[in-house]
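So the sequences go chain by chain: A and B. Using the working numbering, the letters of the first sequence correspond one by one to residues 1 to 132. Using the working numbering, the letters of the second sequence correspond one by one to residues 1 to 132. A virtual CB, placed ideally from N, CA and C, is assigned to each residue, including glycine.
Number of protein chains: 2
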Amino acid sequence: MAQIQTLSKNQKIILDIIEKAKEPLKAYSILFNVQKKGIKAPLQVYRALEKLIKLGKIHKVESKNAFVACKSSNCEVSKATAFSICEICEKVTEIANNKLSNFLNSFEDKSGMKYKKYNLEFFGLCKKCKKT
Amino acid sequence: MAQIQTLSKNQKIILDIIEKAKEPLKAYSILFNVQKKGIKAPLQVYRALEKLIKLGKIHKVESKNAFVACKSSNCEVSKATAFSICEICEKVTEIANNKLSNFLNSFEDKSGMKYKKYNLEFFGLCKKCKKT
DNA sequence: TAACAAACGTTATATTATAACAATATGATA
DNA sequence: TATCATATTGTTATAATATAACGTTTGTTA
Numbered sequence: 001m002a003q004i005q006t007l008s009k010n011q012k013i014i015l016d017i018i019e020k021a022k023e024p025l026k027a028y029s030i031l032f033n034v035q036k037k038g039i040k041a042p043l044q045v046y047r048a049l050e051k052l053i054k055l056g057k058i059h060k061v062e063s064k065n066a067f068v069a070c071k072s073s074n075c076e077v078s079k080a081t082a083f084s085i086c087e088i089c090e091k092v093t094e095i096a097n098n099k100l101s102n103f104l105n106s107f108e109d110k111s112g113m114k115y116k117k118y119n120l121e122f123f124g125l126c127k128k129c130k131k132t
Numbered sequence: 001m002a003q004i005q006t007l008s009k010n011q012k013i014i015l016d017i018i019e020k021a022k023e024p025l026k027a028y029s030i031l032f033n034v035q036k037k038g039i040k041a042p043l044q045v046y047r048a049l050e051k052l053i054k055l056g057k058i059h060k061v062e063s064k065n066a067f068v069a070c071k072s073s074n075c076e077v078s079k080a081t082a083f084s085i086c087e088i089c090e091k092v093t094e095i096a097n098n099k100l101s102n103f104l105n106s107f108e109d110k111s112g113m114k115y116k117k118y119n120l121e122f123f124g125l126c127k128k129c130k131k132t
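What follows is the structure, encoded as structure tokens:
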């Protein structure tokens, strides 16, 4: 709540819409939704999105060019994201799993590269769609 | 080599360019490169890319909207990809690491979802850029 | 209050990707 | 080989996603 005060007007409006959505939202669908609130141009949306991502409030689902609110930690800057995506109904869920995040956060290979950040997207069939 | 014969003319041309490139290529830069070979429209490129991805010959690096040749297995359909991406020089490397792939291929969470496929992108600083 | 950084609004444009349609080539098999 | 199904091609147009460049406003803090 303290942190949310530091968000600007546009940032609040856009975060609010994303938090209320049940699925990832695309930038232009956000734009459409906020036009009644005076946000008229794509750039205004993209700028807010960029800031919200930096703050860890939202994540981008890269394979879908869409944005979801972060549900795991409230005010932390997010460096690591994992999603599960159903290939039929397209439902996207953020995965909060310690075993997974511990493994990936401590992952090292022989390249000598130090990884600070990752994005993982799993694809498969969700419970519902598996039955069909 | 046997497999490559089943590729169509456009598919071969485009795979060839991607294989020779040292970094991931964007669709429109591929288009520019193949115009002398008679491929004139974006769709011709995107169609070939789509097929090559299905065959596992190339992968899409989602965070960069760019395409790289698969270096790990030669003729397998690829369901699982992992890349390391340097945040400074933007170098992209496909990660071939059994520990990682075993872990991810067998990953299950409580959602009841069965994962057939994943895409992982690590971000950090490569050896060279770390020194700077 | 002066000075700086962050956010804003606006127009224009760049970049990435697909729809829709007709024609042609290719491979399997009767 | 004739024929059928399928994949691929070529083409035009357009949709969808994202950023550049400019000047203004607001907020912070020295």
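Query	Result
Spatial neighbours of B:A66 in its chain, beta-carbon cut-off 7 Å, leaving aside the 5 residues before and after	P24, L25, K26
Local conformation of A:S101 per DSSP, three classes	helix
Spatially closest choice to A:F107 from A:A80, A:S63, A:I17, by CA coordinates	A:A80
Under the three-state DSSP convention, the category B:A96 falls into	coil
Straight-line gap, B:T6 to A:N98 (C-alpha atoms, nearest Å)	44 Å
C-beta atoms of A:A69 and A:I18 nearer than 9 Å	yes
Under 7 Å from the C-beta of A:L25: neighbouring residues of chain B	Those within 7 Å of A:L25 in chain B number zero; the least Cβ separation is about 18 Å.
Opposing strand residues paired with B:F83 [DSSP bridges]	B:E94, B:E121
Simplified DSSP state of B:K64, which is helix, strand or coil	helix
Classification of A:A41 by the beta-carbon crowding that lies within 10 angstroms, buried from 16 upward	exposed
Euclidean distance between Cα positions of B:G56 and A:G124	18 Å
Own chain, CB closer than 6 Å to B:V34, minus 5 neighbours either side, in chain order	I13
Minimum Cβ-Cβ distance from B:E90 to chain A less than 9 Å	no
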